[in-house]
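Peer 1: If you read the sequences in order, they're chains C and R. The numbers in the working numbering rise by one with no breaks, and the one at position 177 of the first sequence is 225. The numbers in the working numbering rise by one with no breaks, and the one at position 81 of the second sequence is 129. Think of the CB as a built atom: it goes at the ideal place given N, C-alpha and C, for glycine as much as any other residue. Structure incoming, see below.
Number of protein chains: 2
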Amino acid sequence: MTKIDRRIIKSQEAIKNAVIELMAEKPFDDITIQEIADRANVNRGTIYLHYTDKYDLLDKLIEEHMDNLRQLCREAADLTFEEGNYIWYEYFERHQLFFSTMLSSKGAPFFRNRFLQLVIEEFKPEVDTSSGKNEGLDEDVVLKFFASAVVGIVEWWFKQGRTMPARVIAGQTGRLLDRNLG
Amino acid sequence: MTKIDRRIIKSQEAIKNAVIELMAEKPFDDITIQEIADRANVNRGTIYLHYTDKYDLLDKLIEEHMDNLRQLCREAADLTFEEGNYIWYEYFERHQLFFSTMLSSKGAPFFRNRFLQLVIEEFKPEVDTSSGKNEGLDEDVVLKFFASAVVGIVEWWFKQGRTMPARVIAGQTGRLLDRNLG
DNA sequence: TTCATTAAAAGACATATGTTTATAATTTAG
DNA sequence: CTAAATTATAAACATATGTCTTTTAATGAA
C-alpha cells in the first residue's frame, strides 16, 4: 500500500471538512475558494494542489457517498426493488444536509450521472429483454429509462422538501419497478 | 402591444446569433462573454444590459425551443405516446447542433427542468391514479417517474451520438409508456 | 425637423479564479 | 540524527466576470 504523505492527508481532510461545514451555511455555488481556504486554515493555492476546482472537490465528496451506497447494496442480499430503494432513501435522509445543498448547486449533474450509473448496475441483472414483457426492447433503453426515473424521483423528493416518508416513496417506486422489471 | 426599441431588438438578435455560431465551434462553457461581444459586435456591457450572465442567455435560447416544442404539441391532435415522442425526437434531430453542445454544458440542468415540465404537462391528462393499474399511487410520483424517464432517455440518446433512429427510440419509449400510462 | 428619452459604448473598478515561482516547513528514508 | 525529497505557503500575475459612471449615438414622439 503506497504510503501517503501525512501533510496531504491532513490538508485534504481539512479542506473537505471545511466545505461540508460551509455547505451547511450557504449555497455551494456561492462559496468561494478563499472561504474554503480560510475555514480549512490552508493557503488558497493548496486547494489547487489537490483539486482542479471547487466542483472537483464536490465531485469527490459525492463519490464518497456513492461508494457508501454501493457498499450498502453489497451488504444487503437479494432485495426487492422496494427494499433496495428504501436503503437509498434512508441513506439520503441521513445525509440530507449535504444532498439538499449539493442538489441545488451546479454540481448536481455529477451526482445525477454517478447515481444513475449505480442504479443501472443494480438493475442490470434484473432486466430481461429476450422474453417476457420487455422482449424486443433495447436493453440499454430499458435500463436507462427506469434508472432515470428512479434518479428523477429522488431529486424531486428533495426538491419538494422530502415530505413524503421514505417508506412510502420507496414503496411506490418499488411497485412501478416490479411492474416493469420484475 | 408594447413597442420595443429597435436597438434592443437588434442587440438581442445579434447576441443570440453570436452565441449560436460560437456554440458550433466550441463548448458553451468555454465561450467567454468577450467572445460573444466581439462576434455580435456589441460592447461587453451591452450583454449585461440584456442578460444576467451567459447561462441566462442560454436559458432564453432553450426557452425558445421549449416554446417551439409546445407549439408542435398544440398543432398535433390526440397523439399516441409513440407519436408524441417522435415529434420531440424529430425536433431534437433538426436542432441537433444546438442541443448537443448545450447538453454538454453547465446549462443542461435548465433544459432538463424545462423539458421535464413540458413532458409532465403533456402526460398529466393521461394519468389516472383513482382506478386501474396505478390506483393508489401518488399522481405526482407517477408523473415525475415517467417524465424523468423520458427526459433521461433523450439525454442518453444525445450522449451516445443519436445512433438509434428517432423512429425506433420513440417506439420503444412509447411502448413503455403505453404499458404504464395507457 | 427637433428634442427628450433611451440604449449603447468606453473605460475604469472590484472581485474571484486559476497559475506560477521562490521560500519555508514538514516528512520520509537511510 | 541528518539530508533529501516533498508539501505548503506567500505573493505576484493573468484572465474573466460582473458592476458602475460618463459620454455618445440612436430612437421615438410631437
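Taking C-beta to C-beta, are L185 (chain C) and Q220 (chain R) nearer than 8 Å?
Peer 2: Position 137 of the first sequence, counted from the first residue, corresponds to residue 185 (chain C). Position 172 of the second sequence, counted from the first residue, corresponds to residue 220 (chain R). Yes, these two residues count as a Cβ contact at 8 Å.
Peer 1: When you compare each of R:V202, R:G200, R:L151 and R:D176 to V190 (chain R) by their alpha carbons, which one comes out closest?
Peer 2: Residue 190 (chain R) sits at position 142 when you count from the first residue of the second sequence. Minimum Cα distance to V190 (chain R) is reached at R:D176.
Peer 1: Can you find a C-beta in chain R that's less than 8 Å from the C-beta of F241 (chain C)?
Peer 2: Any question about residue 241 (chain C) goes unanswered here, given that chain C covers just 49 to 230.
Peer 1: Taking C-alpha atoms, which residue in R:F76, R:D104 and R:P75 lies nearest to Q60 (chain R)?
Peer 2: By one-based count along the second sequence, residue 60 (chain R) stands at place 12. The shortest Cα separation from Q60 (chain R) among R:F76, R:D104 and R:P75 belongs to R:D104.
Peer 1: Taking its Cβ as the centre, do 16 or more other Cβ atoms sit within 10 Å of G230 (chain R), making it buried, or is it exposed?
Peer 2: The residue labelled residue 230 (chain R) in the question sits at position 182 within the second sequence. Exposed.
Peer 1: Can you tell which of R:H113, R:R55 and R:N91 has its C-alpha closest to the C-alpha of L166 (chain R)?
Peer 2: Mapped onto the second sequence, residue 166 (chain R) falls at position 118. Selected option, being the one with the closest Cα: R:H113.
Peer 1: A197 (chain C) to N91 (chain R), Cα distance in whole Å?
Peer 2: Position 149 of the first sequence, counting from 1, holds the residue named residue 197 (chain C). Position 43 of the second sequence, counting from 1, holds the residue named residue 91 (chain R). Spanning the alpha carbons of A197 (chain C) and N91 (chain R) requires a straight line of approximately 44 Å.
Peer 1: Please give me, in chain order, every unbroken run of the alpha helix (DSSP H) with length at least 4 that falls completely inside the segment 115–168 of chain R.
Peer 2: 129–142 and 144–151
Peer 1: Below 9 Å on C-beta distance, what does N196 (chain C) contact in chain R?
Peer 2: Within the first sequence, residue 196 (chain C) is the residue found at index 148, counting from 1. Contrary to the premise, residue 196 (chain C) reads as Ser rather than Asn in this sequence. The answer, in chain order, is S196, A197, V198, V199, G200, I201, E203 and W204.
Peer 1: Since D77 (chain R) contacts S148 (chain R) with CB under 8 Å, what's their CB separation in whole angstroms?
Peer 2: Position 29 of the second sequence, counted from the start, is the residue given in the question as residue 77 (chain R). Position 100 of the second sequence, counted from the start, is the residue given in the question as residue 148 (chain R). Incorrect: roughly 14 Å between the Cβ atoms, too far for contact.
Peer 1: Could you check whether the segment 128–144 of chain R touches the segment 95–104 of chain R, counting it as contact only if at least three pairs of C-beta atoms, one from each stretch, sit closer than 8 Å?
Peer 2: no
Peer 1: Leaving out five residues before and five after N228 (chain R) in sequence, what residues of the same chain have Cβ atoms less than 7 Å from its Cβ?
Peer 2: Taking the first residue of the second sequence as position 1, residue 228 (chain R) is located at position 180. So the qualifying residues of the chain are F194.
Peer 1: Return no unless some Cβ of chain R is closer than 8 Å to the Cβ of R223 (chain C).
Peer 2: In the first sequence, counting from the first residue as 1, residue 223 (chain C) sits at position 175. Chain R contact via Cβ: present.
Peer 1: Is there a C-beta anywhere in chain R that falls below 8 Å from the one on L105 (chain C)?
Peer 2: Translated into the one-based positions of the first sequence, residue 105 (chain C) becomes position 57. False, the Cβ-Cβ gap to chain R never drops below 8 Å.
Peer 1: What are the residues in the segment 177–193 of chain C lying within 8 Å of chain R by C-beta distance?
Peer 2: Taking a C-beta cut-off of 8 Å against chain R, the contacting residues of the segment 177–193 of chain C are K181, L185, D186, D188, V189, V190, K192 and F193, listed in chain order.
Peer 1: Quick check on the DSSP output: the alpha helix (DSSP H) that includes L229 (chain R) runs from which residue to which?
Peer 2: Counting from 1 along the second sequence, the entry for residue 229 (chain R) is found at position 181. Where L229 (chain R) is concerned, the enclosing alpha helix (DSSP H) stretches over A214 to L229.
Peer 1: Quick check: the Cα distance between L224 (chain R) and I84 (chain R), rounded to an integer number of angstroms?
Peer 2: Position 176 of the second sequence, counting from 1, holds the residue named residue 224 (chain R). Position 36 of the second sequence, counting from 1, holds the residue named residue 84 (chain R). Whole-angstrom Cα-Cα distance: 43 Å.
Peer 1: Against chain C, does L217 (chain R) count as a neighbour if the rule is that its beta carbon must be under 8 Å from one of theirs?
Peer 2: Reading the second sequence from its first residue, position 169 is the one you call residue 217 (chain R). What sits at residue 217 (chain R) in the sequence shown is Ile, not Leu. Closer than 8 Å to some Cβ of chain C, the Cβ of I217 (chain R) qualifies, so yes.
Peer 1: Would you mind sorting E170 (chain R) into buried or exposed? The rule is 16 or more other CB atoms within 10 Å of its CB.
Peer 2: Start at 1 with the first residue of the second sequence, and residue 170 (chain R) comes out as number 122. So E170 (chain R) ends up on the buried side.
Peer 1: Which of the three DSSP states, helix, strand or coil, is assigned to N89 (chain C)?
Peer 2: Start at 1 with the first residue of the first sequence, and residue 89 (chain C) comes out as number 41. Three-state DSSP puts N89 (chain C) in coil, outside helix and strand.
Peer 1: Using a cut-off of 7 Å between C-beta atoms, extract the partners of Q220 (chain C) located in chain R.
Peer 2: Start at 1 with the first residue of the first sequence, and residue 220 (chain C) comes out as number 172. Those within 7 Å of Q220 (chain C) in chain R are L185, D186 and V189.
Peer 1: Kindly indicate if chain R contains any beta-carbon less than 8 Å away from that of K58 (chain C).
Peer 2: Numbered from 1 along the first sequence, position 10 holds the residue referred to as residue 58 (chain C). Not closer than 8 Å to any Cβ of chain R, the Cβ of K58 (chain C) fails to qualify, so no.
Peer 1: Could you tell me which of R:Q119, R:W136, R:A124 and R:L127 sits nearest to V199 (chain R), measuring between CA atoms?
Peer 2: Residue 199 (chain R) sits at position 151 when you count from the first residue of the second sequence. When each option's Cα is compared against that of V199 (chain R), the closest is R:W136.
Peer 1: My assumption, with CB atoms under 8 Å, is that K192 (chain C) sits in contact with W204 (chain R). Please give the rounded CB distance.
Peer 2: Indexing the first sequence from 1 puts residue 192 (chain C) at position 144. Indexing the second sequence from 1 puts residue 204 (chain R) at position 156. That pair is a contact at about 5 Å.
Peer 1: Grab me the residues of R87 (chain C)'s own chain with a C-beta within less than 7 Å of its C-beta, minus the 5 sequence neighbours each way, in chain order.
Peer 2: Stepping through the first sequence from its first residue, residue 87 (chain C) is reached at position 39. Same-chain partners within the cutoff: A66, E69 and L70.
Peer 1: With a threshold of 7 Å on Cβ separation, who are the neighbours of A214 (chain C) within its own chain once the five nearest residues in sequence on each side are excluded?
Peer 2: Position 166 of the first sequence, counting from 1, holds the residue named residue 214 (chain C). If we look at A214 (chain C) and ignore the five residues flanking it on each side, its Cβ neighbours are Y134, Y137, E138 and E141.
Peer 1: Can you give the Cα-Cα distance for A124 (chain C) and I217 (chain C), rounded to whole angstroms?
Peer 2: Counting from 1 along the first sequence, the entry for residue 124 (chain C) is found at position 76. Counting from 1 along the first sequence, the entry for residue 217 (chain C) is found at position 169. When rounded, the distance between both Cα atoms is 20 Å.
Peer 1: Which one of R:F159, R:D226 and R:L151 has the shortest CA to CA distance from F206 (chain R)?
Peer 2: Along the second sequence, read from residue 1 onward, the residue named residue 206 (chain R) stands at position 158. Comparing alpha-carbon positions, the option among R:F159, R:D226 and R:L151 lying closest to F206 (chain R) turns out to be R:L151.
Peer 1: Can you list, in chain order, the stretches of the alpha helix (DSSP H) that have 4 or more residues and sit fully within the segment 63–108 of chain R?
Peer 2: Given a length threshold of 4 residues, each whole run of the alpha helix (DSSP H) inside the segment 63–108 of chain R is given here in chain order: 81–88 and 92–98.
Peer 1: How many whole angstroms separate the CB atoms of D226 (chain C) and F129 (chain C), which I take to be in contact at a CB cut-off of 8 Å?
Peer 2: The sequence position of residue 226 (chain C) within the first sequence is 178, counting from 1. The sequence position of residue 129 (chain C) within the first sequence is 81, counting from 1. The distance from the Cβ of D226 (chain C) to that of F129 (chain C) is about 6 Å, consistent with a contact at the 8 Å cut-off.
Peer 1: When the Cα atoms are used, what is the spatial distance from M212 (chain C) to G222 (chain C)?
Peer 2: Here residue 212 (chain C) corresponds to residue number 164 of the first sequence, with the count starting at 1. Here residue 222 (chain C) corresponds to residue number 174 of the first sequence, with the count starting at 1. One C-alpha to the other measures close to 15 Å.
Peer 1: Between which two residues does the alpha helix (DSSP H) harbouring I201 (chain R) extend?
Peer 2: Working through the second sequence from its first residue, we reach residue 201 (chain R) at position 153. Segment E187 to K207, the alpha helix (DSSP H) holding I201 (chain R).
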